[in-house]
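Taking it in order: structure first as C-alpha cells, then the write-up.
Number of protein chains: 2
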Amino acid sequence: MPTPAPSPDGASAHARTAARATAQARAAAPALAALPLPARARLLRGLSHALGENAVHLAAVAEEETRLGTERLRGEIRRTQAQLEMFADVVEAGAFLDVMIDPPDPAARPAPRPDIRRMLVPLGPVAVFSASNFPFAFSVLGGDTASALAAGCPVVVKAHEGHPRLSDLTRELTAATLPAGVLSVVHGRETGRSLVTDPVIRAVGFTGSTSGGRALFGLANSRPDPIPFYGELGSLNPVVVTPAAGAARGADIVRAYIASVTLGQGQFCTKPGLLFLPAGHGLEDHLRQGIAAVQPGPLLGDWISTAYRATLAELAAHPAVRPLHLAEEPDDPRAGAPALLTTSAEEVRACPELLRECFGPASLVITYTSADDLLDTLHTLPGGLTATIHGQEREDELLVRRLSAALSAGRLVWNGWPTGVAVTAAMHHGGPWPATTSPLHTSVGSRAVARWMRPVAYQNMPEELLPEPLQRANPWNVPQQVDGGP
Amino acid sequence: MPTPAPSPDGASAHARTAARATAQARAAAPALAALPLPARARLLRGLSHALGENAVHLAAVAEEETRLGTERLRGEIRRTQAQLEMFADVVEAGAFLDVMIDPPDPAARPAPRPDIRRMLVPLGPVAVFSASNFPFAFSVLGGDTASALAAGCPVVVKAHEGHPRLSDLTRELTAATLPAGVLSVVHGRETGRSLVTDPVIRAVGFTGSTSGGRALFGLANSRPDPIPFYGELGSLNPVVVTPAAGAARGADIVRAYIASVTLGQGQFCTKPGLLFLPAGHGLEDHLRQGIAAVQPGPLLGDWISTAYRATLAELAAHPAVRPLHLAEEPDDPRAGAPALLTTSAEEVRACPELLRECFGPASLVITYTSADDLLDTLHTLPGGLTATIHGQEREDELLVRRLSAALSAGRLVWNGWPTGVAVTAAMHHGGPWPATTSPLHTSVGSRAVARWMRPVAYQNMPEELLPEPLQRANPWNVPQQVDGGP
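If you're matching them up, the sequences are chains A and B in order.
Under the numbering used here, the first residue of the first sequence is numbered 24, with each subsequent residue one higher.
Under the numbering used here, the first residue of the second sequence is numbered 24, with each subsequent residue one higher.
Structure (C-alpha cells):
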C-alpha cells in the first residue's frame with residue numbers, strides 16, 4: 024500500500040519525542056516483565072473492555088478520519104477486542120513461554136549433562152508502526168501491540184498519519200488500565216525513524232508499504248546493534264481457477280471474486296490482485312458487468328486515491344494489458360473507481376513489471392493456455408501473504424498438488440477468498456519476501472507473540488533462584504516439557 | 024574470533040562456483056522436502072554412522088590442519104554424531120513441524136471461522152559458514168547442517184580456510200548417504216559472499232568473527248529479496264564472583280577459571296573473557312601462579328595467533344590495565360601464551376574499549392568495590408552467549424536476583440563454567456547482539472531446527488489434498504494441536 028507524504032519538521036525535535044516515549048517504556052519494562060501471568064492477562068482484558076465500552080465514540084471518530092463505514096469499523100473493534108482476549112488466553116495458558124527442563128545426567132555421553140532449563144523472556148520495549156487500513160485491528164491496540172504486551176514488552180506506537188485523532192483517543196482510553204510508560208503513541212514520519220534507531224527499542228513491528236517498510240528494515244539492520252524488524256509489506260494474492268472449476272461454476276467464482284476485490288474499497292493487504300483463468304473462459308461479460316455495478320467509494324485518504332489512480336493508469340497503459348472495465352475517475356478526489364484489467368500468462372512472464380500491487384479496488388485477470396503455461400508463470404510470482412485455488416476436488420487432484428507446490432505464500436486458501444483473516448491459533452498471516460521481511464513469523468494468531476521474546480537457558484541454577492516458570496514446583500502452573508527430548 | 028586473510032582470485036569464478044552448488048541444491052530441494060520423516064531421520068543417522076566409521080582418519084586429518092589434539096577431536100566427532108542423532112530424534116518425533124489444526128466454527132464471533140491448519144515447511148536451500156574452532160561440531164556436518172537437513176533444506180557449506188582438506192573429506196564420506204545436491208562444500212571467501220547473494224539461497228547460518236558476520240549480515244539484508252541470517256559472533260562471557268563466594272572458595276574458583284580460560288587454548292566462543300572479583304580479593308598469587316603454569320600451545324592457525332598477540336598487546340598497553348601475568352611471546356609463531364590482565368569496574372565504565380573479545384587463552388580480571396559498582400558495570404556490557412555467577416545460595420539470594428536481571432545473555436550459568444555446551448533439548452546457544460544477529464534463535468539444541476522453516480496455513484483444504492502432517496487421519500503420527508487455543 025502507498026504511504027502519505029512526510030510532514031516537514033525538525034529532526035532533533037522528532038528524536039526528542041521518540042526518546043521521551045522510549046525512556047518511559049524502558050522505565051516500565053522490568054515491572055511489566057515481572058508481572059505474574061494472570062495480572063498480565065488482566066491488562067489485556069482491560070484493554071478489550073475499554074474498547075467495547077467506548078465503541079460508539081471510537082467508531083465515530085474513526086469514520087471521520089478513515090471513511091471506512093461505521094458498520095465495518097464497529098466490526099473491526101469487535102475483532103480487535105477478540106485479538107486482545109485471545110492473547111489474554113495465550114498468557115494465562117503459559118505455553119507461549121516454551122518452558123523446557125532437561126534434568127542433569129552425570130552419565131550422559133559424550134559428556135555429563137548439567138541441569139538446563141529454558142524459557143522465553145521479553146525482548147524489551149518495542150516500536151509498532153500502525154497501518155492505515157485497519158485503524159483498530161492493526162493500530163494502537165491492534166495485534167502487534169496486543170502480542171507485544173502479552174510477551175511482556177512495553178510498546179511505543181508510531182500512529183498512522185491517516186487517523187491521528189483516533190490514535191490519541193485510543194491511547195487515552197488505556198490510561199486507566201495500563202501502568203505509565205507501558206503504551207505510548209507518537210506522531211510523525213521522522214519520529215518513527217528516530218524510534219527505529221533509538222537504543223532502547225529492541226524490536227519493531229510494521230504494517231504498510233513495501234518501500235516504507237524496506238527503508239525502516241534497513242535502518243533497523245544498520246544500527247550499531249541490529250534489532251529484529253517484522254514488516255508486513257505488499258502482496259499480490261493470486262487466485263487460480265482450474266479449467267474444471269471455471270467450467271463448473273465460473274460465473275459464481277467471478278461474482279465472489281469481484282466482491283473480494285472491492286470489499287472495503289480493495290484496501291486489504293489480502294485483496295486478490297491477480298485472477299488466473301483458462302484462456303477462452305467466456306466470462307468477460309460477467310467480469311465487466313460485475314465490476315461496473317460496484318459504486319466508487321471513498322478511499323482511506325488522498326494519498327491512497329492519488330497512488331491508486333496513478334498505479335492503475337500505468338498498468339492500463341502497458342502495451343500487454345487491455346481493460347476489461349476502466350471507469351472515468353470519480354469527481355470526489357478521495358474516491359477510487361473499481362477496475363479490472365487483463366493480460367496473458369505469457370505476457371506476465373515477459374513483463375514482470377505487471378506484477379505490482381495496486382492498492383485499491385482493482386485487479387488483473389490473467390489467462391493461461393495450459394497447465395505448464397500456468398505453472399511457469401506462478402513460479403515467477405513474488406512471495407505472498409496468500410494464494411488461492413479454485414478447483415474441483417476429484418478432477419483436479421494432480422493439478423492442485425502442482426499448484427500448491429508452485430505457489431509461494433503464507434496461507435493457501437481452497438475454494439474461498441483471501442480477504443478476511445480468521446484470528447485463531449493456527450492462522451498464519453505472513454509469507455516470503457516481499458510479503459514480509461521475516462518469513463518465520465506471523466502478525467495474526469497466537470504465534471504472533473513469539474516475535475517479541477528470546478530464549479534464556481539457566482544452567483544448574485538452584486530452584487529458588489529460578490524464575491517461577493522454571494521451578495519444578497511450578498507455582499505458575501505453566502506447561503513444562505521435562506526431559507522431553509525433541 | 025578473528026578471520027584469516029582472503030585469497031586473491033577472480034570474482035566471476037567464485038560466483039560460478041557458488042551458482043553450481045546452489046543449482047544442485049535447488050534441484051535436490053523438492054525431493055528432500057517431500058521425504059517422509061523416517062527417511063529424513065535415516066539420512067541423519069547415516070551421516071552419524073559415516074563419521075563414526077571414519078573417526079580415526081578424520082581426526083588425524085583434522086589434527087594436521089587444526090592442531091586441536093587428537094583426543095579433543097575424537098571427542099568432538101562423538102559430539103557431532105550425538106547432534107546428528109538428536110536431530111534424527113527430533114525429525115522422528117515430528118513436534119518440530121508445529122502442527123496446529125483449528126476446526127471450522129460457523130458460529131464463531133466476530134466472524135465465522137474456516138478450517139485452518141498450519142505447519143512448518145522448509146525454507147529451501149541454505150548456506151552454512153563453518154567455524155574454525157570446531158572442525159566437526161560447527162563445520163560440514165555440524166549443528167547448522169544437521170538442523171537444516173532435519174528441517175528439509177539442502178545445504179551448501181562454505182568451508183573454513185582453517186581446515187579445507189578435512190571439509191572435503193567429510194563431504195566425500197556423505198556421498199553414499201545423501202542424495203546428490205543435498206550437501207555441497209565450496210571454498211573461498213569470495214565464493215562465500217556469492218553464496219549469500221545467490222537467489223537460490225533462502226537463509227544463512229554463520230559462526231565466526233563479528234566483523235565478518237556483520238558484513239555478510241549486511242549482504243543478506245541488502246539483497247533484492249532479503250533472507251534470514253543467523254550469525255553467531257563474539258562474546259565476552261562475564262563471570263561474576265560474589266564477595267561471599269570469593270571468601271568461601273576463592274582459590275577453587277580461580278583454579279577452575281584458569282582451566283576454563285585456557286581450555287582448547289582459549290579458542291571457544293564461550294571462553295570466560297571477564298572475571299569480576301571483589302576488590303581486595305587477595306587472590307592475585309593464585310591467579311598469577313595458576314596462569315603461569317599453563318604451557319603455551321598451538322592455536323588454530325597463524326591468523327589466530329597473530330590476532331591474539333595483537334589484541335592482547337593492545338589491551339595490555341591500555342593505561343587502565345595492568346598485567347597479572349604476561350609471558351614473552353613463544354618462539355612458535357602459531358602458539359599463544361596464556362595471559363591475565365586486570366583493571367577495575369570503574370575503569371571499564373570509563374573505557375568501554377576494554378570490552379573487547381581476545382580470542383585465545385587470555386582474560387581480564389575486573390575488581391569491584393560494591394554491589395552498585397558491580398551492577399553499574401554489568402549494565403554496560405554488550406549482550407553475550409553466556410554469563411556466569413559464582414555465589415552462595417543462601418547468603419547471596421538478593422544479590423543474585425539483581426545480577427540475573429543485569430546480565431544480558433542467552434545462558435546463565437550458576438557455580439560452573441560457560442565452556443562446554445550441552446547438546447540437549449533445552450539448551451540455548453545464542454543471545455542478544457553482538458553475541459548473535461538474531462536473539463530469538465539458538466545454534467545448539469533441538470530448537471535450532473526452527474531457523475530453517477516457515478509456517479504455511481491451509482484454509483478449508485480437503486483432507487486428501489493436505490500434506491500428511493495436517494490430515495486428521497494423521498498417517499505420519501505427528502503431534503497435532505487440535506483446536507488448542509493458545
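In this text, a Cβ means the ideal position worked out from N, Cα and C, and glycines have one as well.
Checklist entry - Of all the residues that make up the segment 440 to 470 of chain B, which are near chain A by a beta-carbon distance shorter than 9 Å? => result Legend: CB atoms of the segment 440 to 470 of chain B lying less than 9 Å from CB atoms of chain A belong to residues P441, G443, A445, V446, T447, A448, A449, M450, H451, H452, G453, G454, P455, W456, P457, T460, S461, P462, L463, H464, T465, G468, S469, R470.
Checklist entry - At a Cβ threshold of 9 Å, is P509/A touching chain B? => result Counting from one through the first sequence, the residue named residue 509/A turns up at place 486. Only weak support is given to the placement of P509/A: the predicted model assigns it a pLDDT of 42, under 50, and the value that follows is read from those uncertain coordinates. With respect to chain B, the C-beta atom of P509/A has a partner C-beta closer than 9 Å.
Next on the checklist: I want to know whether the segment 156 to 171 of chain B touches the segment 84 to 104 of chain B - three or more CB-CB distances under 8 Å.
Outcome noted: yes
Item to check | Three-way DSSP call (helix, strand, coil) for Q504/B in this model | outcome: Taking the second sequence and counting its residues from 1, the one referred to as residue 504/B is at position 481. The answer is strand: DSSP assigns Q504/B an E or B state.
Checklist entry - Nearest to R39/B by alpha carbon, out of T220/B, P137/B, P177/B? => result Position 16 of the second sequence, counted from the start, is the residue given in the question as residue 39/B. Residue T220/B is the option with its Cα nearest to R39/B.
Next on the checklist: My parser needs the alpha helix (DSSP H) runs of 4 or more residues fully inside the segment 251 to 335 of chain B; what are they?
Outcome noted: As far as the segment 251 to 335 of chain B is concerned, its whole alpha helix (DSSP H) runs of at least 4 residues are 266 to 285, 307 to 315.
Item to check | Contact set between the segment 378 to 405 of chain B and chain A, restricted to residues whose Cβ is under 7 Å from the partner | outcome: none
Checklist entry - Expressed to the nearest angstrom, what Euclidean distance is found between the alpha-carbon atoms of L242/B and W456/B? => result Counting from one through the second sequence, the residue named residue 242/B turns up at place 219. Counting from one through the second sequence, the residue named residue 456/B turns up at place 433. Taking the straight line from one Cα to the other gives about 17 Å.
Next on the checklist: Whether or not the segment 292 to 305 of chain A and the segment 260 to 280 of chain A are in contact is what I'm after, with contact meaning three or more pairs of Cβ atoms, one per stretch, closer than 8 Å; do they touch?
Outcome noted: They touch, by the three-pair rule.
Next on the checklist: So, with DSSP's three-state summary, where would you put D121/B?
Outcome noted: By 1-based counting over the second sequence, the position of residue 121/B is 98. Looking at D121/B - three-state DSSP - the assignment turns out to be coil, as it is neither helix nor strand.
Item to check | Contact set between E416/B and chain A, taken where Cβ atoms lie within less than 9 Å | outcome: In the second sequence, counting from the first residue as 1, residue 416/B sits at position 393. Near E416/B (Cβ distances below 9 Å), the residues of chain A are P485, E487, L488.
Checklist entry - For L70/A, does the count of other Cβ atoms within 10 angstroms reach 16, so buried, or fall short, so exposed? => result Position 47 of the first sequence, counted from the start, is the residue given in the question as residue 70/A. Here L70/A is buried: its Cβ has 16 or more other Cβ atoms, across all protein chains shown, within 10 Å.
Checklist entry - Would you call N500/A buried or exposed, if buried means 16 or more other Cβ atoms sit within 10 Å of its Cβ? => result Here residue 500/A refers to the residue found at position 477 when the first sequence is read from its first residue. N500/A comes out exposed.
Item to check | Exposure of E486/A, with buried meaning 16 or more beta-carbon neighbours within 10 Å | outcome: Taking the first residue of the first sequence as 1, we reach residue 486/A at position 463. Label assigned to E486/A: exposed.
Item to check | Proximity below 9 Å, CB of R278/A to CB of H309/A | outcome: Indexing the first sequence from 1 puts residue 278/A at position 255. Indexing the first sequence from 1 puts residue 309/A at position 286. Contact flag set, yes.
Next on the checklist: Please report the straight-line C-alpha distance between G320/A and E352/A, rounded to a whole angstrom.
Outcome noted: Along the first sequence, read from residue 1 onward, the residue named residue 320/A stands at position 297. Along the first sequence, read from residue 1 onward, the residue named residue 352/A stands at position 329. C-alpha separation (whole angstroms): 11 Å.
Next on the checklist: Count Cβ pairs between the segment 402 to 409 of chain B and the segment 422 to 435 of chain B that sit closer than 8 Å; are there 3 or more?
Outcome noted: yes
Checklist entry - So, are the CB atoms of L218/A and A44/A less than 9 Å apart? => result What you label residue 218/A is simply residue 195 of the first sequence in a count that begins at 1. What you label residue 44/A is simply residue 21 of the first sequence in a count that begins at 1. Result yes, Cβ atoms of L218/A and A44/A sit closer than 9 Å.
Checklist entry - Along chain B, in chain order, which residues have C-beta atoms closer than 8 Å to that of E420/A? => result Here residue 420/A refers to the residue found at position 397 of the first sequence. Result: E487, L488.
Item to check | Proximity below 9 Å, CB of A174/B to CB of R474/B | outcome: By one-based count along the second sequence, residue 174/B stands at place 151. By one-based count along the second sequence, residue 474/B stands at place 451. Contact: yes.
Item to check | Inter-residue Cα distance where the pair is V264/B and G439/B | outcome: Locating residue 264/B in the second sequence gives position 241, where the first residue counts as 1. Locating residue 439/B in the second sequence gives position 416, where the first residue counts as 1. In a straight line, the C-alpha of V264/B is about 11 Å away from that of G439/B.
Next on the checklist: Cβ closer than 7 Å: which chain A residues qualify as neighbours of D125/B?
Outcome noted: The residue given as residue 125/B occupies position 102 in the second sequence. The contacting residues are T447, A448, A449.
Next on the checklist: Quick check on L206/B: does DSSP put it in helix, strand or coil?
Outcome noted: As a position in the second sequence, residue 206/B is number 183, starting the count at 1. In this structure, L206/B counts as strand in the three-state DSSP scheme.
Item to check | Coarse secondary structure for F157/B, derived from DSSP in three states | outcome: Residue numbering aside, residue 157/B sits at position 134 when the second sequence is read from its first letter. It is coil, neither helix nor strand.
Next on the checklist: Does the CB of W499/B have a neighbour CB from chain A at under 9 Å?
Outcome noted: Working through the second sequence from its first residue, we reach residue 499/B at position 476. Answer no: the Cβ-Cβ gap between W499/B and chain A never drops below 9 Å.
Next on the checklist: Applying the 10 Å Cβ sphere with the 16-neighbour rule, what's the burial state of Q288/A?
Outcome noted: Start at 1 with the first residue of the first sequence, and residue 288/A comes out as number 265. Q288/A is buried by the Cβ-count criterion.
Checklist entry - In chain order, which alpha helix (DSSP H) runs of at least 4 residues are fully inside the segment 418 to 445 of chain A? => result 420 to 429
Checklist entry - For T93/B, which residues does DSSP report across the bridge? => result Within the second sequence, numbered from 1, the residue matching residue 93/B stands at position 70. Partner(s): none; T93/B has no beta bridge.
Next on the checklist: Does the CB of I139/A have a neighbour CB from chain B at under 9 Å?
Outcome noted: Here the question's residue 139/A lines up with position 116 in the first sequence. Cβ-Cβ to chain B under 9 Å: yes for I139/A.
Next on the checklist: Against chain B, with Cβ distances strictly below 9 Å, would F240/A count as a contact?
Outcome noted: Taking the first residue of the first sequence as position 1, residue 240/A is located at position 217. Yes, F240/A counts as interfacial toward chain B.
Checklist entry - Do we get a CB-CB distance below 9 Å when we pair V423/B with the residues of chain A? => result Start at 1 with the first residue of the second sequence, and residue 423/B comes out as number 400. Chain A contact via Cβ: present.
Next on the checklist: Contact between the segment 136 to 147 of chain A and the segment 180 to 187 of chain A is defined here as three or more beta-carbon pairs at a separation below 8 Å; is this criterion met?
Outcome noted: no
Item to check | Where L488/B sits in the DSSP three-state scheme | outcome: Translated into the one-based positions of the second sequence, residue 488/B becomes position 465. L488/B falls in the helix class under three-state DSSP.
Next on the checklist: I'd like to know whether the C-beta atoms of V149/B and G228/B end up nearer to each other than 9 Å.
Outcome noted: Counting from 1 along the second sequence, the entry for residue 149/B is found at position 126. Counting from 1 along the second sequence, the entry for residue 228/B is found at position 205. Taking 9 Å as the Cβ cut-off, V149/B and G228/B qualify as a contacting pair.
Checklist entry - What is the rounded straight-line gap between the Cα of A429/A and the Cα of Y481/B? => result The sequence position of residue 429/A within the first sequence is 406, counting from 1. The sequence position of residue 481/B within the second sequence is 458, counting from 1. Near 15 Å, if we compare the C-alpha coordinates of Y481/B and A429/A.
Next on the checklist: Given a cut-off of 9 Å on the beta-carbon distance, is the pair L335/A and I389/A in contact?
Outcome noted: Here residue 335/A corresponds to residue number 312 of the first sequence, with the count starting at 1. Here residue 389/A corresponds to residue number 366 of the first sequence, with the count starting at 1. The answer is no: Cβ separation not under 9 Å.
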